[in-house]
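Taking it in order: structure first as structure tokens, then the write-up.
There are 2 protein chains.
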Amino acid sequence: MSADAEPAPVSAKPPVTLREVAAAAGVSVATASKALNGQGRMTAETRERIRETARLLGFRPNSLAQSLLRKRSFTVGLLTNDTYGRFSLPLMAGVSDALVDNGVSVFLCNVEDDTRLGQLHVEAMLDKRVDGIIATGKRIDRHLPVDLSNLRVPVVYAFTQPDPGAVGLVSDDAGGARLAVEHLLRLGRRRIAHVSGPESFAVVHTRAQAYRDVLEEHGLPVGEPLLGQWSEAWGHDAVAKLFGKAGREGWPDAVFCGNDQIARGVIDALRERGIRVPDDVGVIGFDNWEIVAEATRPPLTSVDMNLSTLGREAGLALLSLVGGQPAAPGIRKLPCRLVVRQSCGRPPGG
Amino acid sequence: MSADAEPAPVSAKPPVTLREVAAAAGVSVATASKALNGQGRMTAETRERIRETARLLGFRPNSLAQSLLRKRSFTVGLLTNDTYGRFSLPLMAGVSDALVDNGVSVFLCNVEDDTRLGQLHVEAMLDKRVDGIIATGKRIDRHLPVDLSNLRVPVVYAFTQPDPGAVGLVSDDAGGARLAVEHLLRLGRRRIAHVSGPESFAVVHTRAQAYRDVLEEHGLPVGEPLLGQWSEAWGHDAVAKLFGKAGREGWPDAVFCGNDQIARGVIDALRERGIRVPDDVGVIGFDNWEIVAEATRPPLTSVDMNLSTLGREAGLALLSLVGGQPAAPGIRKLPCRLVVRQSCGRPPGG
DNA sequence: CCCCCTTGAGAAAACCTTTTCCCAAATCGC
DNA sequence: GCGATTTGGGAAAAGGTTTTCTCAAGGGGG
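Residue numbers (full-length UniProt numbering), protein chains in the order written: chain G, 1 to 350; chain F, 1 to 350.
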């Protein structure tokens, strides 16, 4: 009934070592180690006594010593150059999730776009004997400013351009775009425009191509995608271009936007012109950046890249690589997911 | 002239150990260690020869072994519960920056709001012998779901509620609010309203009080702050309340908003009512969330909490604590900074 | 010429845990 | 009752580095 003899006596200064546990239990360190790890042979009574002693003393093995011996540190490095973090954070959360469940800790390494910083981080990670590295970025079509080939630990690339022959995970942008356009088609939209970001982004072309493909498969007219910036302002401008011409009959009845900010600009501009969303025009975004998607009026239907799943998969892939499982090199594309809100109207049946 | 004998021969598998360097240089490991660390006494020639050998072999000391011996791992843990990360990321970047310059790596620990997860992370960190812990959150007035008292490593709290007697860093919200209101006053605004977030946030009261104080100091009328949500929608609603009444003369000539999203809603609502910003009404935000502040029309003047500086200071504070410097416990408030864009009009002189 | 001090460098302990090998006692088979 | 096997547990090496201690050789002073 005593409330004092509880498990974890908040120890003062130096951590309890195995040697102390062994001494307290009256056995050798070897026996103590084996008792706690379920190895070796000894009386059940002995094993239990040692365990109890360890528990009482609040013993926790020193990971540093374990790692040194096992040549496995249960630690990985996460490299990113996305300081702003709209994409990085869900990704990092996913990675962290997947790993912490397996007792692996994550070194966060922000390399900006600085090669020197990148080199510094990679060396520090290697010195600290990470079991592997996950490289993450803000763009699928750019390399991190760091050379990760010929390292002596496995590397997984997530949402950034992988080295040739490495394993990489990215979102399936073409699939995501299909999802968007097909959703609009299902809702009866037929004249679908596409407004996207700068030409310099590979995903802009990937999504635009998927957009064309779907429309062609359905024998529908394909408008030339309008490429500009990833900004609200560009969404505004694009509306002026699309809805400026006189003949109302030539207007699109839906706009597939390259990201949510563009979509936000499009929706605002349409409202300012008195064009109703979704009644007159359906609008769909990309990224499902919730804080934007939920603030548009009406709330924005958008394509989610499932970045936290991507992160989780990257974590698991790295883990299996670390465990010695050979992984098929190359790029694996993970499916996107449609998040339906109100900016496209409701499905006929719904 | 040979291009092959370069410094870092991309080593194949097992890292080079000090023993190998010593053997190659024909000395003992002790001497090799001392040569590389600038310790001990030996011929300059010997020292240089060992160093050269190490360089040639691409030797890098094993941090695990060093940490084990020195009882200092050059590693700290960063605890956060901000998955969304608008606040966390700049903060984390600041921490990481400050630390990496000092050769310290950062474990990223996302604890959500889950006590079990928090406990898990803290134990893992301690097992890995972190030198210290930085606790970070998304709110100044909430504890992380984790008990960090009585740890055997120093803890610094940044942008989260510290334990009593601990060292904590937060933004100076009162000062930030003063900055905002005084800016409006300098521009000649006299009827300043305040629209802010939910009552349950301590910062809402802090900022509101500073707002009142400044106005009273200037002998100006103090409106009752309008408290609601941290959302655009609430900004809209607040405008309806403030500008709904008939008499135009009772309208505010400026609105100090509790965050940038509210400000965005306010600006949009004002435009819809045909009220010009900044000509008729000045609007100022809080947080300086660039992607929002730059997308409002006109771009939003806002108060920046300098979170990356906060993170950097937290990192440095932890470092000095780790180094044995006693730090004054208690909460240190770091100044905010005004970022002037166009939503308040230009200063008379500018 | 002897002793003491300095110089240069190595041996070994320490950090903490795991694992292999080994040994004494107990048990078993015959 | 004797040899062979099993059982319970310990000694020691290993992992890579740092640091203290020790020691031999050489130089200078008396």
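The C-beta atom is built at its ideal place from N, Cα and C for all residues, glycine as well. From a predicted model like this one, the values you see are computed outputs, not experimental measurements.
Work out the CA separation of residue j and residue i for me, nearest whole Å.
i             : j      : result
A44/G         : K34/G  : 12 Å
D172/F        : E199/F : 19 Å
G311/G        : A135/G : 10 Å
H183/G        : H183/F : 48 Å
R41/G         : Q161/F : 49 Å
P7/G          : L57/G  : Note that P7/G scores a pLDDT of 34, beneath 50, so its modelled location is shaky; the value from the coordinates is reported in the next line. Taking the straight line from one Cα to the other gives about 8 Å.
S231/F        : G197/F : 8 Å
I133/G        : N102/G : 16 Å
L179/F        : L338/F : 7 Å
L242/G        : D287/G : 23 Å
V29/G         : D114/F : 36 Å
R72/F         : T46/F  : 29 Å
G345/G        : P278/G : 5 Å
S96/F         : T301/F : 28 Å
G250/G        : G315/F : 59 Å
C109/F        : L78/F  : 6 Å
V296/G        : L91/G  : For clarity, residue 296/G is Thr in the given sequence; the question names Val instead. In a straight line, the C-alpha of T296/G is about 24 Å away from that of L91/G.
E313/F        : H143/F : 20 Å
F107/F        : F107/G : 5 Å
A124/F        : T75/G  : 10 Å
residue 366/G : L36/F  : Absent from the structure is residue 366/G, since the part of chain G shown begins at 1 and ends at 350.
P225/F        : L270/F : 18 Å
R248/F        : N150/F : 59 Å
Q229/G        : N62/F  : 47 Å
V222/G        : L117/F : 50 Å
L169/F        : T206/F : 16 Å
G235/G        : Q342/F : 21 Å
A317/G        : T53/G  : 39 Å
K13/G         : V156/F : 18 Å
P348/G        : Q209/F : The pLDDT assigned to P348/G is 49, lower than 50, so where the model puts this residue is not dependable; a value taken from the coordinates is nonetheless given after this. Cα-Cα distance, rounded: 52 Å.
A177/G        : C257/G : 10 Å
If you count every other CB in all the chains shown that lies within 10 Å of the CB of residue i, and 16 or more means buried, which is it?
i      : result
G265/G : buried
R276/F : exposed
D237/G : buried
P9/G   : Residue placement at P9/G is poorly supported in this model, since its pLDDT is 34, which falls under 50; the coordinates still yield a value, given next. So P9/G ends up on the exposed side.
G350/G : Bear in mind that a pLDDT of 45 at G350/G, under 50, signals an unreliable position, so the model cannot answer this.
A240/G : exposed
H218/F : exposed
S2/F   : The predicted model places S2/F with a pLDDT of 40, which falls under 50 and marks its position as unreliable; any figure quoted below should be read in that light. It is exposed - the Cβ of S2/F has fewer than 16 other Cβ atoms within 10 Å.
R19/G  : exposed
G26/F  : exposed
N306/G : buried
L69/G  : exposed
I192/G : buried
P326/G : exposed
If the cut is a Cβ gap below 7 Å, which residues of chain G does residue i touch?
i      : result
E232/F : A295
S302/F : In chain order: nothing, as chain G lies at least about 16 Å away.
S96/F  : L108 and N110
What whole-angstrom Cβ distance do residue i and residue j have, given they're in contact under 8 Å?
i      : j      : result
R60/F  : D127/G : 5 Å
G175/F : P335/F : 6 Å
L220/G : R190/G : 6 Å
V292/G : Q261/G : 6 Å
V181/F : V146/F : Their Cβ separation, rounded to whole angstroms, is 36 Å, which puts V181/F and V146/F out of contact at 8 Å.
V255/F : V204/F : Incorrect: roughly 15 Å between the Cβ atoms, too far for contact.
Using the beta-carbon of each residue, which ones in chain G are nearer than 8 Å to residue i?
i     : result
L89/F : T83, Y84, G85, S88 and L89
R60/F : E123, L126 and D127
P92/F : Checking the sequence shown, residue 92/F turns out to be Met, not Pro. Residues of chain G passing the Cβ test: L108 and N110.
K13/F : R152
Under 9 Å between beta-carbons, which chain F residues line up against residue i? List them in chain order, please.
i      : result
R142/G : In chain order: nothing, as chain F lies at least about 19 Å away.
F107/G : T75, S105, V106, F107 and L108
L78/G  : L108
In chain G, which residues lie less than 9 Å from residue i when you measure between Cβ atoms?
i      : result
V100/F : C109, N110, L117, L120, H121 and A124
- [ ] Mind checking the stretch 115-131 of chain G against chain F and listing, in chain order, the residues whose C-beta falls within less than 9 Å of any C-beta there?
- [x] L117, L120, H121, E123, A124, M125, L126, D127, K128 and R129
Open item on the list: For the stretch 307-332 of chain F, list every residue whose C-beta sits within 7 Å of some C-beta in chain G, in sequence order.
Closed with: none
- [ ] Taking a Cβ distance cut-off of 8 Å, strictly less, list which residues of the UniProt domain "HTH lacI-type" (16-70) of chain F are near chain G, in chain order.
- [x] R60, P61, N62, S63, L64, A65, S67 and L68
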